[in-house]
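In order, the protein sequences belong to chains E and L.
Going letter by letter, the first sequence gives residues 705 to 814 in my numbering.
Going letter by letter, the second sequence gives residues 684 to 793 in my numbering.
Reviewing the structure listed below.
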Amino acid sequence: GIQVEQSPPDLILQEGANSTLRCNFSDSVNNLQWFHQNPWGQLINLFYIPSGTKQNGRLSATTVATERYSLLYISSSQTTDSGVYFCAVERDTGFQKLVFGTGTRLLVSP
Amino acid sequence: ETGVTQSPTHLIKTRGQQVTLRCSSQSGHNTVSWYQQALGQGPQFIFQYYREEENGRGNFPPRFSGLQFPNYSSELNVNALELDDSALYLCASTGLNEQFFGPGTRLTVL
């Protein structure tokens, strides 16, 4: 099956710093989503981005489908950005099965 | 618009018992998926229901079963619980191409 790798696995930032999270996937996909999982376990949708670039406030994402990677940019990080960031992809299998990456655990300190 | 809801939030069972978890999909969404997230890992796809029929399944044994009702709500049933079934169980409903997750049910098997 498709493999999804995220880097770095762990990231510690000071408040106000910028960061880039990467997601590599091993095969073509027809869906890619970025999620933020908060300390209570809730997965929060950040972006649906199978290709191209999107921005939402301090967050932006770029997916280069032909090169099989996606990047999530966090600018001016805040303590509330702490948590685990997951990239998840879906192939055209006839049903919508998301395959999640291993996650990046982010800690933003004041 | 109501988001995805799940019940109960927490549950403690003993080995060999059976458990039923419940999910209400987001308004207008007719596809529901279930995922298992073990501690420190990304969510793993269990199965998906579309219009009351299972239309996709991950690598989980038959003791994991489900139902979807005419109002698109869903149940996940797990029989003969094992210690390794301890995890966060997440339900997601699909709108257009994007999946939206509920807050999860944390199951502990003793």
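Glycine residues also receive a C-beta, built at the ideal position from the N, C-alpha and C atoms.
Keep in mind it's a predicted model, so treat the numbers as computed, not measured.
Cutoff 7 angstroms: residue i Cβ touching any chain E Cβ
i	result
Q689/L	no
G725/L	yes
F752/L	no
T777/L	yes
Residue i: contacting residues in chain L (beta-carbon distance under 8 angstroms)
i	result
K801/E	S716, F728, Q731, G739 and G741
G787/E	The premise fails here: G787/E is roughly 13 angstroms from chain L at the closest Cβ pair, so nothing lies under 8 angstroms.
Q707/E	Here the premise fails: no neighbours, minimum Cβ distance about 12 angstroms.
Exposure label - residue i; buried when at least 16 CB within 10 Å
i	result
I778/E	buried
D768/L	buried
I753/E	buried
W744/E	exposed
E765/L	exposed
E735/L	exposed
Q718/E	exposed
Q701/L	exposed
A680/L	Residue 680/L is absent from the structure shown; chain L starts at 684 and stops at 793.
H693/L	exposed
Interface residues of chain E facing residue i [CB-CB closer than 7 angstroms]
i	result
N780/L	N735 and Y752
From the options, residue whose alpha carbon lies closest to that of residue i
i	options	result
F729/E	T808/E, G745/E, S774/E and F799/E	S774/E
E771/E	L715/E, R726/E, E719/E and Q800/E	R726/E
I748/E	Q731/L, G686/L, G739/L and T788/L	G686/L
L773/L	I695/L, S716/L, R740/L and N754/L	S716/L
A721/E	Q737/E, P713/E and Q782/E	Q782/E
P691/L	T697/L, Q700/L and S707/L	S707/L
Q752/L	N713/L, I729/L and K696/L	Note on residue identity: the sequence assigns Phe, not Gln, to residue 752/L. Closest option to F752/L, Cα to Cα, is N713/L.
F794/L	A792/E, T784/E and V733/E	The shown model of chain L, from 684 to 793, leaves out residue 794/L, and the question about it has no answer.
P712/E	E794/E, T724/E and D785/E	T724/E
8 angstroms contact criterion, which residue i and residue j should meet: CB distance rounded
i	j	result
Y789/E	T808/E	5 angstroms
G749/L	N760/L	7 angstroms
Within chain E, the residues that residue i reaches when beta carbons sit closer than 8 angstroms
i	result
F783/L	N749
Chain-ordered neighbours of residue i on chain L, where CB pairs are closer than 7 angstroms
i	result
F804/E	G725 and P726
G807/E	G725
Partner residues on chain L for residue i, Cβ-Cβ distance less than 9 angstroms
i	result
F790/E	G725 and P726
G745/E	Q720, L771, L773, P786, G787 and R789
Below-7 angstroms beta-carbon distance, residue i vs any chain L residue
i	result
G720/E	no
G756/E	no
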